[in-house]
Every structure is written in C-alpha cells, then in structure tokens.
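Q: Chains as they are written, first to last, in this note's numbering: chain E, 1 to 88; chain G, 1001 to 1189.
All C-beta atoms in this analysis are idealised placements derived from N, C-alpha and C, irrespective of residue type, glycine included.
(1) State the Cα-Cα distance for the pair residue 1157 of chain G and residue 1167 of chain G, rounded to the nearest angstrom.
(2) If contact is defined by three or more beta carbon pairs under 8 Å, each pair taking one atom from either stretch, is the region 1147-1162 of chain G in contact with the region 1070-1088 of chain G?
(3) Is residue 1017 of chain G closer than 9 Å to residue 1055 of chain G when the C-beta atoms are compared?
(4) Going by DSSP, what residue range makes up the alpha helix (DSSP H) through residue 1026 of chain G?
(5) Does any C-beta atom of chain E lie closer than 9 Å to the C-beta of residue 1042 of chain G?
(6) According to DSSP, is residue 1064 of chain G helix, strand or coil?
(7) Quick one: any contact between the region 1038-1047 of chain G and the region 1017-1027 of chain G, if contact means 3 or more CB pairs under 8 Å?
(8) Quick one: complete beta strand (DSSP E) runs, 3+ long, within the region 1067-1094 of chain G?
(9) Just the Cα atoms here: how many angstroms apart are residue 1001 of chain G and residue 22 of chain E?
(10) Taking residue 1050 of chain G as the query, report the chain E residues whose CB atoms sit under 8 Å from its CB, ordered along the chain.
(11) Note down the Cα distance separating residue 41 of chain E from residue 31 of chain E, rounded to an integer number of angstroms.
(12) Could you check whether residue 1175 of chain G and residue 1130 of chain G sit closer than 9 Å to each other, using their CB atoms as the reference points?
(13) How would you list, in chain order, the residues of chain E whose beta-carbon sits under 7 Å from the beta-carbon of residue 1006 of chain G?
(14) Closer than 7 Å, Cβ to any Cβ of chain E: which residues of the region 1165-1179 of chain G, in chain order?
(15) Let's test the definition: count the other Cβ atoms within 10 Å of the Cβ of residue 1141 of chain G and tell me whether it reaches 16, buried, or not, exposed.
Rendered as structure tokens:
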C-alpha cells in the first residue's frame, strides 16, 4: 500500500468515554487560573518593587562608595602637596 | 440544539455552560479527527482536541462571526495540530542531541514511551507517512490532510485556510505530485 492509499485508509476515531469529563476538568482548571488575576498581579507588583528597591540600594551604595573614594583620593593629593585645611 | 447560530453565539459569549456543551457535542468528532489526521496518534489527538475547545471556550468573546462557528473551531484545530507537530519536532531535535551526547535518559524523557496499542508495522507505517507529509510545504499539507477527512468538501477547506477554492484544488494536486516525487526519491523499504 503506498503512502497516499495509507492516508485514505486511516480510520475515523471516536472520543473516549472520559474525553468530555476530562475536557470540563481542564476548563475548570484554566478558569480558576483566570479568576485569580488580582493575586498574580500582586505577586508581580511585589517582585517589581523588590527589584526596584534592590537596584536603588545598589546604586545608592555604589554612589556613596564612589564619593568616599573620591574624597580619599583628594585627601591623598592634598597631603602629597602639603595643602592642609588650615592653609587658607 | 443549534437552531439559530446568532442566538447560540450570544449564549456562548455570555458563558452559558449548556451552550458550550452543545457546541462540543456538535463539533467534537470532526475536531478529534482533524487532529488525528495531522498527528496520527489517538492519545495526542484527544489531548490536542481538548486544547482546541479550551481555546474556543476562552476566546469565544473575540469571535466576530465573520466565518461560521465550525470553520473557526476547525481553524483552531489545524493550528493547534501544527503547533503540536512543531513541538514534537523540537523534542526530536533535543532528543537526538541527547543521544549524540550519550544522555539517553533525556531522549527517553522527551520522546516518551511507544504506543502499546499499535502493531510495529502500523507504527512504522505511520512514522513513514508522518515523515513524508512533513516534507510538504505547510499549506499543501493542511489542504491534503483536510481533504482526506470523510466527506469534507474543498469549499470548507478553502474557508478554513482563507484561500480560494481553486487554490485549494491546486494545493491538493501539488501536494499529491510532491508526495509522489518524494516517494520516488526515497521509496519505502
């Protein structure tokens, strides 16, 4: 039997006895997921807030460190050139 | 049951469970058989046909009624079946990489167990059929597959594929010619 003939002879199938029941269970499951958008949105908001807070803390501490280091460098330069705060 | 499609659609869109159950009763057999013709595996066809109705249930509010309800559902069935075929192909690719790397359990995990209800000859036959059909361009495959469903007129296929009737005739003709050419190049052992 060639491929085309084989294609012609594929039997027609009937849904199994549990097909309808399983379909309704799956629909109920997906509907329950859809009915809880508030909870999911709250989780999303919390995650976004945490990420933003972390980013803010990281940036703040990075800028502080940088300012501190700049100040140390300036102090070192001042010491090297014997400029004291009392010079003026 | 479905005396007036407009009234029926209103019920469906308002979430009437009985209307949905009626819709399932009317279209279930054709949907399962469309999926089966594409997937050639009863379990997969049942699973994908359920996904078709789940999608229909959730997106019925977006159905504008430009096509017949049946045509819309069959379109979802074709699209879901093709998605499943693509998913299978992806799994096969990952599985073959797993085999190449010697990680057999990955391929077993992804491809799953063989169907126990089919004879080896039938399984091999279907796999050859699937392989050959997979070589056809997608639109030719869709047209040919739908044309093989019992009593399914080409005018319906044209509506599902959103092409003209002449285009469907031409796609089916070219699909058959291509299949013959593929089989001549690689005759089944």
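A: So, from the listed chains and residues:
(1) By 1-based counting over the second chain, the position of residue 1157 of chain G is 157. By 1-based counting over the second chain, the position of residue 1167 of chain G is 167. If you draw a straight line from the Cα of residue 1157 of chain G to the Cα of residue 1167 of chain G, it comes to about 10 Å.
(2) Cβ pair count under 8 Å is three or more, so yes.
(3) As a position in the second chain, residue 1055 of chain G is number 55, starting the count at 1. As a position in the second chain, residue 1017 of chain G is number 17, starting the count at 1. Going by C-beta atoms, residue 1055 of chain G is not nearer than 9 Å to residue 1017 of chain G.
(4) As a working mapping, residue 1026 of chain G is identified with position 26 in the second chain. Here the alpha helix (DSSP H) through residue 1026 of chain G covers 1017-1039.
(5) Residue numbering aside, residue 1042 of chain G sits at position 42 when the second chain is read from its first letter. So, interface residue.
(6) To locate residue 1064 of chain G, count along the second chain from 1; it is residue 64. Residue 1064 of chain G sits in coil when the DSSP states are folded into three classes, being neither helix nor strand.
(7) The region 1038-1047 of chain G vs the region 1017-1027 of chain G: no contact.
(8) Runs found: none.
(9) As a working mapping, residue 1001 of chain G is identified with position 1 in the second chain. As a working mapping, residue 22 of chain E is identified with position 22 in the first chain. No answer about residue 1001 of chain G holds up, because its pLDDT of 48 lies below 50 and its placement is not dependable.
(10) Here residue 1050 of chain G is taken as the residue at index 50 of the second chain, counted from 1. Taking the beta carbon of residue 1050 of chain G as reference, the chain E residues within 8 Å of it are 19, 22, 23, 26, listed in sequence order.
(11) The count along the first chain starts at 1 and reaches residue 41 of chain E at position 41. The count along the first chain starts at 1 and reaches residue 31 of chain E at position 31. So the two alpha carbons sit approximately 16 Å from each other.
(12) Taking the first residue of the second chain as position 1, residue 1130 of chain G is located at position 130. Taking the first residue of the second chain as position 1, residue 1175 of chain G is located at position 175. A distance of 9 Å or more separates the beta carbons of residue 1130 of chain G and residue 1175 of chain G.
(13) On the second chain, residue 1006 of chain G is found 6 positions in, with the first residue counted as 1. Residues of chain E with a Cβ closer than 7 Å to the Cβ of residue 1006 of chain G do not exist; the shortest Cβ-Cβ separation is about 24 Å.
(14) Only those residues of the region 1165-1179 of chain G whose C-beta falls short of 7 Å from the nearest C-beta of chain E are listed: 1176, 1179.
(15) Within the second chain, residue 1141 of chain G is the residue found at index 141, counting from 1. Looking at its Cβ environment, which holds 16 or more other Cβ atoms inside 10 Å, residue 1141 of chain G is buried.
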